[in-house]
Amino acid sequence: MGEPQYSGSFSPDQSTGGLLSLRIFYSILVAWSFFAFCVTAQSTAAVNLTPPKEPAVRPLIGRAYPNDADRNRLDDRIDLRIKRTETLIKSAMTVDERQKAEAGRSQVLSIELIFKEQITQEQMTDFLALGGKIDYIYKAVSYGWSGRLSLAEISLLPSRMGEALVLVEQARQMELHMRLATRTGRVRPVWASPGYDGDGSISIAIIDTGVDDSHADLNGRNAFWGDYTPDNEPLPRDVLHHGSHVAGIALGTGDALGTGTTLRFTQSGDLSPLGAEFFYTCPFDFPAVNTTWYSEAKYAEAGPTSLWHLSTINGNPSFDDPGVVFSGSLVSGAYDTSVYDHASVFSNDAAHGLYPAFLQNNDPISLYAVSHRLTNFPVVDGHNTLSGVAPECNWVGAKV
13 MGEPQYSGSF
23 SPDQSTGGLL
33 SLRIFYSILV
43 AWSFFAFCVT
53 AQSTAAVNLT
63 PPKEPAVRPL
73 IGRAYPNDAD
83 RNRLDDRIDL
93 RIKRTETLIK
103 SAMTVDERQK
113 AEAGRSQVLS
123 IELIFKEQIT
133 QEQMTDFLAL
143 GGKIDYIYKA
153 VSYGWSGRLS
163 LAEISLLPSR
173 MGEALVLVEQ
183 ARQMELHMRL
193 ATRTGRVRPV
203 WASPGYDGDG
213 SISIAIIDTG
223 VDDSHADLNG
233 RNAFWGDYTP
243 DNEPLPRDVL
253 HHGSHVAGIA
263 LGTGDALGTG
273 TTLRFTQSGD
283 LSPLGAEFFY
293 TCPFDFPAVN
303 TTWYSEAKYA
313 EAGPTSLWHL
323 STINGNPSFD
333 DPGVVFSGSL
343 VSGAYDTSVY
353 DHASVFSNDA
363 AHGLYPAFLQ
373 NNDPISLYAV
383 SHRLTNFPVV
393 DGHNTLSGVA
403 PECNWVGAKV
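Here the sequence shown is numbered in our numbering, starting from 13 and rising by one per residue.
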(Lines of atoms letter the chains of each structure in order from A and count residues from 1; the text may use other names and numbers.)
(Lines give C-alpha, C1' and ligand atoms only; values in the text may rest on other atoms or scores of the structure.)
Protein backbone atom coordinates (compact mmCIF):
# COMPACT_ATOMS: atom_id res chain seq x y z
CA MET A 1 0.00 0.00 0.00
CA GLY A 2 1.20 3.58 -0.31
CA GLU A 3 2.62 5.86 2.34
CA PRO A 4 2.23 9.62 2.85
CA GLN A 5 4.70 11.27 0.51
CA TYR A 6 7.15 14.09 1.09
CA SER A 7 9.71 15.61 -1.20
CA GLY A 8 13.44 15.70 -0.73
CA SER A 9 16.55 16.49 -2.68
CA PHE A 10 20.17 15.51 -2.51
CA SER A 11 23.29 15.54 -4.63
CA PRO A 12 26.12 12.98 -4.57
CA ASP A 13 29.55 14.06 -3.45
CA GLN A 14 31.96 12.21 -5.71
CA SER A 15 34.99 13.47 -3.76
CA THR A 16 34.31 11.15 -0.83
CA GLY A 17 35.39 7.99 -2.59
CA GLY A 18 31.89 6.75 -3.22
CA LEU A 19 30.44 7.72 0.17
CA LEU A 20 27.26 9.72 -0.21
CA SER A 21 26.93 13.18 1.29
CA LEU A 22 23.19 13.76 1.43
CA ARG A 23 21.17 16.83 2.28
CA ILE A 24 17.40 16.37 2.30
CA PHE A 25 14.94 19.25 2.39
CA TYR A 26 11.52 18.02 3.41
CA SER A 27 8.33 19.81 2.47
CA ILE A 28 4.95 18.28 3.24
CA LEU A 29 2.90 17.98 0.07
CA VAL A 30 -0.24 16.46 1.50
CA ALA A 31 -1.65 16.53 5.03
CA TRP A 32 -4.31 14.17 6.23
CA SER A 33 -6.78 14.49 9.08
CA PHE A 34 -7.81 11.18 10.53
CA PHE A 35 -9.46 9.72 13.60
CA ALA A 36 -7.39 7.62 16.00
CA PHE A 37 -8.46 5.59 18.96
CA CYS A 38 -6.05 5.37 21.87
CA VAL A 39 -6.03 4.13 25.41
CA THR A 40 -4.45 6.44 27.97
CA ALA A 41 -2.96 4.81 31.03
CA GLN A 42 -4.68 6.00 34.17
CA SER A 43 -2.96 6.75 37.42
CA THR A 44 -3.38 4.19 40.17
CA ALA A 45 -5.48 6.63 42.19
CA ALA A 46 -7.98 6.96 39.33
CA VAL A 47 -8.44 3.21 38.80
CA ASN A 48 -11.58 1.59 40.15
CA LEU A 49 -10.01 -1.48 41.77
CA THR A 50 -12.95 -3.81 41.26
CA PRO A 51 -13.41 -6.38 38.50
CA PRO A 52 -15.29 -4.99 35.49
CA LYS A 53 -18.48 -6.51 34.17
CA GLU A 54 -18.30 -9.17 31.50
CA PRO A 55 -18.25 -7.24 28.18
CA ALA A 56 -21.08 -7.69 25.70
CA VAL A 57 -18.57 -9.14 23.22
CA ARG A 58 -16.07 -11.49 24.85
CA PRO A 59 -12.41 -10.77 24.08
CA LEU A 60 -10.60 -13.40 22.00
CA ILE A 61 -7.57 -14.42 24.04
CA GLY A 62 -4.75 -16.47 22.52
CA ARG A 63 -3.64 -19.49 24.53
CA ALA A 64 -0.02 -19.48 23.31
CA TYR A 65 2.38 -16.64 22.56
CA PRO A 66 5.70 -16.58 20.68
CA ASN A 67 7.35 -14.60 23.49
CA ASP A 68 6.69 -17.43 25.98
CA ALA A 69 8.61 -20.31 24.42
CA ASP A 70 8.78 -22.43 27.59
CA ARG A 71 5.05 -21.87 28.38
CA ASN A 72 5.75 -20.82 31.97
CA ARG A 73 3.37 -17.84 31.50
CA LEU A 74 6.19 -15.31 31.85
CA ASP A 75 7.43 -13.23 28.93
CA ASP A 76 10.78 -14.67 27.81
CA ARG A 77 12.37 -11.25 28.28
CA ILE A 78 11.34 -11.34 31.94
CA ASP A 79 12.78 -14.85 32.28
CA LEU A 80 16.06 -13.59 30.82
CA ARG A 81 16.18 -10.66 33.29
CA ILE A 82 15.59 -13.04 36.21
CA LYS A 83 18.32 -15.46 35.06
CA ARG A 84 20.83 -12.67 34.52
CA THR A 85 20.13 -11.24 37.96
CA GLU A 86 20.53 -14.64 39.63
CA THR A 87 23.79 -15.22 37.77
CA LEU A 88 25.16 -11.86 38.91
CA ILE A 89 24.21 -12.59 42.53
CA LYS A 90 25.87 -16.03 42.47
CA SER A 91 29.04 -14.73 40.82
CA ALA A 92 29.43 -11.69 43.10
CA MET A 93 32.88 -11.66 44.71
CA THR A 94 32.47 -8.70 47.06
CA VAL A 95 29.75 -7.27 49.28
CA ASP A 96 29.45 -4.27 46.96
CA GLU A 97 29.01 -6.49 43.88
CA ARG A 98 26.38 -8.56 45.64
CA GLN A 99 24.43 -5.49 46.76
CA LYS A 100 24.41 -4.11 43.22
CA ALA A 101 23.30 -7.46 41.83
CA GLU A 102 20.51 -7.84 44.39
CA ALA A 103 19.32 -4.33 43.58
CA GLY A 104 18.35 -5.70 40.18
CA ARG A 105 15.73 -7.90 41.85
CA SER A 106 13.91 -4.82 43.13
CA GLN A 107 13.79 -3.22 39.69
CA VAL A 108 10.18 -2.33 38.85
CA LEU A 109 8.89 -3.35 35.40
CA SER A 110 5.83 -2.20 33.50
CA ILE A 111 3.83 -5.32 32.72
CA GLU A 112 0.48 -6.53 31.42
CA LEU A 113 -1.35 -9.51 32.91
CA ILE A 114 -3.48 -11.42 30.40
CA PHE A 115 -6.16 -13.83 31.64
CA LYS A 116 -8.34 -16.28 29.71
CA GLU A 117 -11.44 -15.23 31.68
CA GLN A 118 -12.71 -12.26 33.64
CA ILE A 119 -10.45 -11.28 36.54
CA THR A 120 -11.45 -11.62 40.21
CA GLN A 121 -11.15 -9.37 43.23
CA GLU A 122 -8.88 -11.94 44.85
CA GLN A 123 -6.40 -11.80 41.95
CA MET A 124 -6.17 -8.02 42.13
CA THR A 125 -5.81 -8.10 45.92
CA ASP A 126 -2.97 -10.64 45.67
CA PHE A 127 -1.20 -8.49 43.06
CA LEU A 128 -1.41 -5.40 45.28
CA ALA A 129 -0.24 -7.44 48.30
CA LEU A 130 2.96 -8.23 46.36
CA GLY A 131 3.64 -4.49 46.14
CA GLY A 132 2.15 -4.08 42.66
CA LYS A 133 0.49 -0.99 41.22
CA ILE A 134 -2.48 -1.31 38.85
CA ASP A 135 -2.54 1.41 36.18
CA TYR A 136 -5.38 0.27 33.94
CA ILE A 137 -7.99 -2.52 34.02
CA TYR A 138 -9.10 -3.77 30.61
CA LYS A 139 -12.86 -3.69 30.09
CA ALA A 140 -13.34 -4.83 26.50
CA VAL A 141 -10.22 -5.79 24.50
CA SER A 142 -8.73 -8.18 27.06
CA TYR A 143 -9.11 -9.73 30.50
CA GLY A 144 -6.54 -8.36 32.89
CA TRP A 145 -4.68 -5.16 33.67
CA SER A 146 -1.50 -3.23 33.06
CA GLY A 147 0.61 -2.19 36.00
CA ARG A 148 4.01 -2.29 37.70
CA LEU A 149 5.75 -4.82 39.91
CA SER A 150 9.29 -5.62 41.00
CA LEU A 151 11.25 -8.29 39.16
CA ALA A 152 11.51 -10.44 42.29
CA GLU A 153 7.74 -10.54 42.76
CA ILE A 154 6.88 -11.05 39.09
CA SER A 155 8.26 -14.58 39.23
CA LEU A 156 5.52 -15.40 41.81
CA LEU A 157 2.61 -14.35 39.61
CA PRO A 158 1.91 -17.65 37.76
CA SER A 159 1.31 -19.44 41.08
CA ARG A 160 -0.47 -16.54 42.81
CA MET A 161 -2.83 -15.71 39.91
CA GLY A 162 -3.92 -19.31 39.24
CA GLU A 163 -4.64 -21.21 36.04
CA ALA A 164 -6.65 -18.36 34.54
CA LEU A 165 -3.42 -16.41 33.96
CA VAL A 166 -2.23 -16.79 30.35
CA LEU A 167 0.78 -14.48 30.21
CA VAL A 168 2.70 -11.82 32.13
CA GLU A 169 4.03 -9.63 29.34
CA GLN A 170 6.66 -6.94 29.69
CA ALA A 171 5.66 -3.61 28.17
CA ARG A 172 7.10 -3.18 24.71
CA GLN A 173 7.92 -0.07 22.72
CA MET A 174 5.41 0.42 19.92
CA GLU A 175 6.74 -0.86 16.60
CA LEU A 176 7.34 1.72 13.89
CA HIS A 177 6.62 -0.59 10.96
CA MET A 178 3.29 -2.01 9.85
CA ARG A 179 4.52 -5.45 8.82
CA LEU A 180 5.05 -6.08 12.56
CA ALA A 181 1.71 -4.67 13.73
CA THR A 182 -0.29 -7.91 13.76
CA ARG A 183 2.41 -9.67 15.76
CA THR A 184 2.84 -6.81 18.23
CA GLY A 185 -0.94 -6.71 18.72
CA ARG A 186 -1.05 -10.48 19.36
CA VAL A 187 -3.39 -10.94 16.38
CA ARG A 188 -1.60 -13.88 14.78
CA PRO A 189 -1.88 -16.26 17.78
CA VAL A 190 -5.64 -15.66 17.76
CA TRP A 191 -5.78 -16.41 14.04
CA ALA A 192 -4.54 -19.91 14.89
CA SER A 193 -8.18 -20.67 15.69
CA PRO A 194 -10.50 -20.59 12.63
CA GLY A 195 -13.12 -17.86 12.35
CA TYR A 196 -11.25 -15.10 14.17
CA ASP A 197 -10.25 -13.11 11.09
CA GLY A 198 -13.49 -11.22 10.49
CA ASP A 199 -16.71 -12.10 8.71
CA GLY A 200 -18.36 -11.18 5.42
CA SER A 201 -21.38 -9.84 7.30
CA ILE A 202 -19.16 -7.12 8.79
CA SER A 203 -18.00 -4.06 6.83
CA ILE A 204 -15.23 -1.71 7.96
CA ALA A 205 -15.56 1.94 6.90
CA ILE A 206 -12.45 3.60 5.47
CA ILE A 207 -12.99 7.37 5.51
CA ASP A 208 -9.85 8.65 3.84
CA THR A 209 -8.34 9.40 0.42
CA GLY A 210 -10.29 6.60 -1.25
CA VAL A 211 -9.66 2.88 -1.73
CA ASP A 212 -8.01 1.12 -4.67
CA ASP A 213 -10.39 -1.77 -5.26
CA SER A 214 -8.14 -3.22 -7.98
CA HIS A 215 -5.53 -4.20 -5.39
CA ALA A 216 -5.32 -7.96 -4.88
CA ASP A 217 -5.59 -7.54 -1.09
CA LEU A 218 -8.82 -5.51 -1.29
CA ASN A 219 -10.76 -6.37 -4.45
CA GLY A 220 -14.11 -8.11 -4.50
CA ARG A 221 -15.22 -6.97 -1.05
CA ASN A 222 -16.55 -3.45 -1.58
CA ALA A 223 -19.93 -2.96 0.16
CA PHE A 224 -20.33 0.77 -0.59
CA TRP A 225 -18.44 3.60 -2.23
CA GLY A 226 -18.98 7.35 -1.98
CA ASP A 227 -16.73 10.18 -3.21
CA TYR A 228 -17.59 13.31 -1.23
CA THR A 229 -14.93 15.48 -2.89
CA PRO A 230 -15.20 17.62 -6.07
CA ASP A 231 -13.57 14.69 -7.93
CA ASN A 232 -16.87 12.81 -7.63
CA GLU A 233 -15.34 9.53 -8.77
CA PRO A 234 -18.16 7.07 -9.58
CA LEU A 235 -15.99 4.02 -8.83
CA PRO A 236 -13.52 3.34 -6.00
CA ARG A 237 -10.24 5.11 -6.65
CA ASP A 238 -7.30 6.25 -4.55
CA VAL A 239 -4.66 8.40 -6.23
CA LEU A 240 -2.84 9.29 -3.00
CA HIS A 241 -2.84 5.69 -1.65
CA HIS A 242 -3.18 6.55 2.04
CA GLY A 243 -6.74 5.22 2.27
CA SER A 244 -5.69 1.98 0.59
CA HIS A 245 -2.79 1.74 3.03
CA VAL A 246 -5.21 2.07 5.98
CA ALA A 247 -7.66 -0.41 4.42
CA GLY A 248 -4.85 -2.93 3.98
CA ILE A 249 -3.95 -2.73 7.66
CA ALA A 250 -7.58 -3.21 8.69
CA LEU A 251 -8.67 -5.95 6.31
CA GLY A 252 -6.11 -6.67 3.59
CA THR A 253 -5.85 -10.36 2.72
CA GLY A 254 -2.12 -10.25 1.99
CA ASP A 255 -2.80 -12.16 -1.26
CA ALA A 256 -0.51 -9.86 -3.27
CA LEU A 257 2.53 -11.28 -1.46
CA GLY A 258 1.08 -14.42 0.09
CA THR A 259 3.76 -16.44 1.87
CA GLY A 260 6.32 -15.73 -0.83
CA THR A 261 9.88 -14.71 -0.08
CA THR A 262 10.12 -11.83 -2.57
CA LEU A 263 8.67 -8.51 -1.43
CA ARG A 264 7.16 -6.51 -4.31
CA PHE A 265 5.78 -2.98 -4.37
CA THR A 266 5.44 -0.07 -6.79
CA GLN A 267 5.82 3.68 -6.43
CA SER A 268 3.98 5.87 -8.92
CA GLY A 269 3.02 9.49 -9.32
CA ASP A 270 3.81 12.74 -11.06
CA LEU A 271 7.16 14.51 -10.56
CA SER A 272 5.99 17.68 -12.33
CA PRO A 273 5.62 19.74 -9.12
CA LEU A 274 9.21 19.00 -8.06
CA GLY A 275 12.43 20.76 -8.98
CA ALA A 276 15.55 19.08 -10.28
CA GLU A 277 17.12 16.53 -7.91
CA PHE A 278 13.97 16.41 -5.79
CA PHE A 279 12.03 13.18 -5.31
CA TYR A 280 9.08 11.64 -3.49
CA THR A 281 10.24 9.68 -0.48
CA CYS A 282 9.19 6.11 0.17
CA PRO A 283 11.03 4.69 3.21
CA PHE A 284 10.16 1.11 4.11
CA ASP A 285 11.11 -1.47 6.69
CA PHE A 286 12.93 -4.68 5.80
CA PRO A 287 13.96 -7.55 8.09
CA ALA A 288 17.54 -7.92 9.29
CA VAL A 289 18.60 -10.23 6.48
CA ASN A 290 20.68 -10.06 3.32
CA THR A 291 18.69 -9.09 0.25
CA THR A 292 19.11 -8.24 -3.39
CA TRP A 293 17.02 -5.22 -4.28
CA TYR A 294 15.88 -4.91 -7.90
CA SER A 295 14.20 -1.77 -9.23
CA GLU A 296 12.81 -0.77 -12.59
CA ALA A 297 11.79 2.82 -13.27
CA LYS A 298 9.51 3.77 -16.14
CA TYR A 299 8.58 7.36 -16.90
CA ALA A 300 7.31 9.72 -19.57
CA GLU A 301 9.97 10.46 -22.17
CA ALA A 302 12.70 12.74 -20.78
CA GLY A 303 16.44 12.85 -20.34
CA PRO A 304 18.58 10.71 -18.00
CA THR A 305 18.07 10.84 -14.27
CA SER A 306 19.14 9.01 -11.10
CA LEU A 307 17.69 6.06 -9.22
CA TRP A 308 19.19 5.53 -5.77
CA HIS A 309 19.01 2.65 -3.29
CA LEU A 310 19.73 3.92 0.21
CA SER A 311 19.66 2.64 3.75
CA THR A 312 19.03 4.89 6.72
CA ILE A 313 18.51 4.69 10.45
CA ASN A 314 14.85 4.07 11.36
CA GLY A 315 13.02 7.13 12.63
CA ASN A 316 15.59 9.58 11.24
CA PRO A 317 14.49 10.68 7.77
CA SER A 318 16.44 13.95 7.64
CA PHE A 319 19.69 12.58 6.17
CA ASP A 320 21.42 15.76 7.34
CA ASP A 321 24.21 13.67 8.84
CA PRO A 322 26.12 11.77 6.11
CA GLY A 323 26.76 9.06 8.69
CA VAL A 324 23.08 8.13 8.59
CA VAL A 325 23.54 6.51 5.19
CA PHE A 326 25.61 3.36 5.27
CA SER A 327 25.01 2.08 1.76
CA GLY A 328 23.91 3.50 -1.54
CA SER A 329 24.07 3.11 -5.31
CA LEU A 330 23.73 5.51 -8.23
CA VAL A 331 22.54 5.06 -11.79
CA SER A 332 23.03 8.14 -13.93
CA GLY A 333 24.82 9.79 -16.80
CA ALA A 334 24.76 7.43 -19.77
CA TYR A 335 21.02 6.91 -20.19
CA ASP A 336 18.75 8.48 -22.74
CA THR A 337 15.83 6.06 -22.60
CA SER A 338 12.74 6.08 -20.42
CA VAL A 339 13.53 2.87 -18.51
CA TYR A 340 16.10 2.24 -15.78
CA ASP A 341 16.99 -1.11 -14.27
CA HIS A 342 19.07 -1.25 -11.13
CA ALA A 343 20.06 -3.84 -8.51
CA SER A 344 21.83 -3.52 -5.15
CA VAL A 345 22.87 -6.05 -2.52
CA PHE A 346 22.19 -5.01 1.06
CA SER A 347 23.07 -6.58 4.38
CA ASN A 348 20.35 -4.98 6.43
CA ASP A 349 19.95 -4.82 10.21
CA ALA A 350 17.02 -4.10 12.52
CA ALA A 351 18.10 -0.49 13.15
CA HIS A 352 17.88 0.53 9.50
CA GLY A 353 15.21 0.85 6.85
CA LEU A 354 15.61 0.99 3.09
CA TYR A 355 14.91 4.02 0.99
CA PRO A 356 14.48 4.39 -2.79
CA ALA A 357 14.94 7.77 -4.46
CA PHE A 358 13.96 8.43 -8.09
CA LEU A 359 14.99 11.99 -8.93
CA GLN A 360 13.38 14.71 -11.00
CA ASN A 361 15.70 15.96 -13.74
CA ASN A 362 16.49 19.28 -15.41
CA ASP A 363 14.60 17.84 -18.37
CA PRO A 364 11.33 17.47 -16.41
CA ILE A 365 9.81 14.06 -15.80
CA SER A 366 6.05 13.89 -15.27
CA LEU A 367 4.33 10.52 -14.81
CA TYR A 368 6.52 7.74 -13.48
CA ALA A 369 6.39 4.32 -11.85
CA VAL A 370 9.15 2.43 -10.08
CA SER A 371 8.63 -1.27 -9.34
CA HIS A 372 10.73 -2.89 -6.62
CA ARG A 373 11.57 -6.51 -5.76
CA LEU A 374 13.54 -7.58 -2.69
CA THR A 375 14.61 -11.18 -2.18
CA ASN A 376 14.86 -13.23 1.00
CA PHE A 377 11.80 -11.75 2.70
CA PRO A 378 11.14 -14.22 5.55
CA VAL A 379 7.95 -16.24 5.96
CA VAL A 380 6.64 -15.65 9.49
CA ASP A 381 4.00 -18.37 9.89
CA GLY A 382 1.29 -20.07 7.87
CA HIS A 383 -0.62 -16.82 7.28
CA ASN A 384 -0.04 -14.40 4.43
CA THR A 385 2.91 -12.28 5.53
CA LEU A 386 1.20 -8.91 5.04
CA SER A 387 -2.32 -9.85 6.16
CA GLY A 388 -4.42 -7.17 7.79
CA VAL A 389 -6.23 -7.65 11.08
CA ALA A 390 -9.61 -8.83 9.73
CA PRO A 391 -9.10 -10.06 6.14
CA GLU A 392 -12.54 -11.70 5.89
CA CYS A 393 -14.43 -8.42 6.37
CA ASN A 394 -15.84 -6.24 3.59
CA TRP A 395 -15.08 -2.54 3.30
CA VAL A 396 -17.04 0.67 2.88
CA GLY A 397 -15.06 3.38 1.09
CA ALA A 398 -15.68 7.10 1.60
CA LYS A 399 -13.35 9.58 -0.09
CA VAL A 400 -13.26 12.87 1.78
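Each residue gets a CB set at the ideal place from its N, CA and C atoms; glycine is no exception.
Which residues share a DSSP beta bridge with residue i?
i: Lys128; result: The partner list for Lys128 (beta bridge, DSSP) is empty, contrary to what the question assumes.
i: Gln279; result: Val382
i: Gln182; result: Ile123
i: Ala217; result: Val408
i: Tyr155; result: Phe127
i: Val357; result: Thr304
i: Lys145; result: Arg160
i: Gly174; result: According to DSSP, Gly174 bridges with nothing at all.
i: Tyr367; result: Leu322
i: Tyr150; result: Its beta-bridge partners do not exist; DSSP assigns none.
i: Tyr240; result: In DSSP, Tyr240 forms no bridge with anything.
i: Tyr77; result: BP columns for Tyr77 are empty, so no partner.
i: Leu86; result: Val180
Thinking C-beta only, is residue j closer than 8 angstroms to residue i?
i: Thr97; j: Ala113; result: yes
i: Leu319; j: Ser307; result: yes
i: Ser356; j: Trp305; result: yes
i: Leu263; j: Trp407; result: yes
i: Val120; j: Arg93; result: no
i: Gly409; j: Val223; result: yes
i: Val180; j: Leu169; result: yes
i: Glu129; j: Tyr155; result: yes
i: Cys405; j: Asp211; result: yes
i: Ile101; j: Arg89; result: no
i: Asn7; j: Asp267; result: This structure does not reach residue 7, given that the chain is present from 13 up to 412, and the question cannot be answered.
Taking the straight line between their C-alpha atoms, what separation do you get for residue i and residue j?
i: Ile131; j: Thr303; result: 47 angstroms
i: Ser103; j: Gly116; result: 14 angstroms
i: His384; j: His364; result: 18 angstroms
i: Leu386; j: Leu86; result: 36 angstroms
i: Pro368; j: Asp108; result: 53 angstroms
i: Ser158; j: Gly394; result: 30 angstroms
i: Gly260; j: Leu269; result: 12 angstroms
i: Ala312; j: Ala228; result: 26 angstroms
i: Leu286; j: Val392; result: 39 angstroms
i: Ile73; j: Phe127; result: 8 angstroms
i: Arg233; j: Ala309; result: 31 angstroms
i: His253; j: Ala288; result: 24 angstroms
i: Phe298; j: Glu134; result: 45 angstroms
i: Asp209; j: Ser399; result: 10 angstroms
i: Asn60; j: Phe389; result: 46 angstroms
i: Pro78; j: Glu175; result: 19 angstroms
Quick one: using the 10 Å Cβ neighbour count with 16 as the cut-off for buried, is residue i buried or exposed?
i: Tyr292; result: buried
i: Ser226; result: exposed
i: Val69; result: exposed
i: Thr62; result: exposed
i: Pro403; result: buried
i: Phe236; result: exposed
i: Ala411; result: Sequence inspection shows Lys at residue 411; the Ala mentioned does not correspond to that position. So Lys411 ends up on the buried side.
i: Val382; result: buried
i: Leu230; result: buried
i: Arg430; result: The question about residue 430 has no answer here: the residues shown for the chain are numbered 13 through 412.
i: Tyr240; result: exposed
i: Leu177; result: buried
i: Leu247; result: exposed
i: Ser361; result: Residue identity differs from the one stated: residue 361 is Asp in this sequence, not Ser. Exposed: under 16 other Cβ atoms inside 10 Å.
i: Ser256; result: buried
Does any heavy atom of the ligand GDP sit closer than 7 angstroms to the C-beta of residue i?
i: Glu114; result: Absent from the structure shown: the ligand GDP. Ligands present: none.
Inset, instruction - Would you be able to state if there are at least three C-beta pairs under 8 angstroms between the stretch 357–374 and the stretch 266–277? - result: At 8 angstroms Cβ cutoff, the stretches do not touch.
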